[in-house]
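Each residue of the sequence shown is one higher than the one before, starting from 3 at the first, in the numbering used here.
One structure is given here, and the rest of the page talks about it.
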Amino acid sequence: MSGKKTAIVTGASGGIGAGLVDGLLREGYNVVATSREPNRKANISGNLVLLNGEIGKQQTASQAVEAAINNFGTVDLLVNNAGIFLTKPFTEFTTEDFDALISTNLLGFFYITQRAVKEMLKQKSGCVVSITAALADRPISGTNGSISMITKGGLNAATRNLAVEYAKDGIRFNAVAPGVVDTPMHRNGSGESTLDPAMKKATVKDIVDAVLYLAQADHVSGEILYVDGAAPARRW
Ligand SMILES: NC(=O)c1ccc[n+]([C@@H]2O[C@H](COP(=O)([O-])OP(=O)(O)OC[C@H]3O[C@@H](n4cnc5c(N)ncnc54)[C@H](OP(=O)(O)O)[C@@H]3O)[C@@H](O)[C@H]2O)c1
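What follows is the structure, encoded as structure tokens:
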């Protein structure tokens, strides 16, 4: 087993997740990376294990945590990044939309976080960072993400609660809440071009830097770190 720290990153095939994998490998972490990417077989090379699977399924969660333990010995950091974002007027959201958001964004958090925390409890240390969304707490006129924000706001609330529940066990929980980030998520236009007052999108690096900060911030827990270029300033 290596003496390095080990991270699990969900939603790692593109966008922020792919940037997280690169950033964590650069920082010297072992990384277990998951996504649905269909043509990738479970694969290991050096410090990186790639797995496929639907993140809303228990089996994917179990495989990711087992891969970290079996290959590297610990789970020091879990980044819950896999997520989808649907925008439409509230009256047009369907049951299928609701179910997809719950599966990917909430079950995709619940199953893998529960398994990772069981390992972190044995270690008496660990860190969970979830990628949520600034819109959950800072809605912007014209970006209609009500049902998406049930999930992201729920993750923010769970983050604050879990930070308190596990403080005595040395396990920290934080969230990074982006505004609009320049990733493939916007390839089909998800309703907003930018949220921040300078009319800039965040870069993947902006989000990766926030996660890397929280990963080593030993006395920070229960925080929601907004990376949205002060989007609320546009309201006034
Ligand atoms: N981009 C933004 O402006 C923005 C703003 C606020 C919050 N966020 C959040 O940041 C996170 C990453 O977003 P992104 O912009 O990097 O998105 P992205 O480019 O669409 O990438 C999403 C990642 O999640 C994976 N994924 C999606 N559904 C999945 C599922 N059911 N099971 C397993 N993997 C799944 C995708 O991989 P496969 O398709 O290969 O499975 C992909 O790797 C998300 O949680 C998102 O809500 C993004």
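The beta carbon of each residue, even a glycine, is placed where N, CA and C say it ideally should be.
Range covered by the alpha helix (DSSP H) that runs through residue i
i, result
"G144", "Note, G144: premise wrong, no alpha helix (DSSP H); not H, not E."
"S148", "S148 to E167"
"V213", "V206 to Q218"
"I104", "No alpha helix (DSSP H) contains I104, which DSSP labels as neither H nor E."
"N73", "Q60 to F74"
Cβ pair residue i, residue j closer than 8 Å
i, j, result
"A204", "V229", "yes"
"T89", "S143", "no"
"T8", "A63", "no"
"T12", "V81", "yes"
"A118", "V67", "yes"
"M60", "Y113", "Reading off the sequence, residue 60 comes out as Gln, not Met. Cβ atoms of Q60 and Y113: closer than 8 Å."
"L109", "G58", "yes"
"F111", "L53", "no"
"G128", "I173", "yes"
Start and end residues, beta strand (DSSP E) containing residue i
i, result
"A9", "T8 to T12"
"I226", "I226 to V229"
"S37", "N32 to S37"
"A20", "Taken as a continuous stretch (DSSP letters only), A20 belongs to no beta strand (DSSP E), being part of the alpha helix (DSSP H) at G17 to R28."
"F175", "I173 to P180"
"G128", "G128 to I133"
Option nearest residue i by Cα separation, candidates the options
i, options, result
"P180", "L214, R174, A138 and Q218", "A138"
"T134", "S148, R162 and T153", "T153"
"G25", "R38, V34, L214 and G224", "L214"
"R28", "L123, L109, L103 and K207", "K207"
"D171", "K124, R162, A14 and A233", "K124"
"G231", "A219, V183 and H221", "V183"
"S105", "F74, A136, G55 and K120", "G55"
"G21", "Q218, T185 and F100", "T185"
"N146", "F111, E94 and V130", "E94"
"P234", "H221, S148, G58 and R140", "R140"
"I225", "T161, I209, Y168 and K202", "According to the sequence shown, residue 225 is Glu rather than Ile. Answer by Cα proximity: T161."
"Q116", "P91, E167, F74 and S148", "E167"
Integer-rounded CB distance, given that residue j should sit under 8 Å from residue i
i, j, result
"A165", "F175", "4 Å"
Near ligand 2: residue i beta-carbon under 7 Å from a heavy atom
i, result
"G13", "Of the ligands one can find in the structure shown, namely ligand 1, none is ligand 2."
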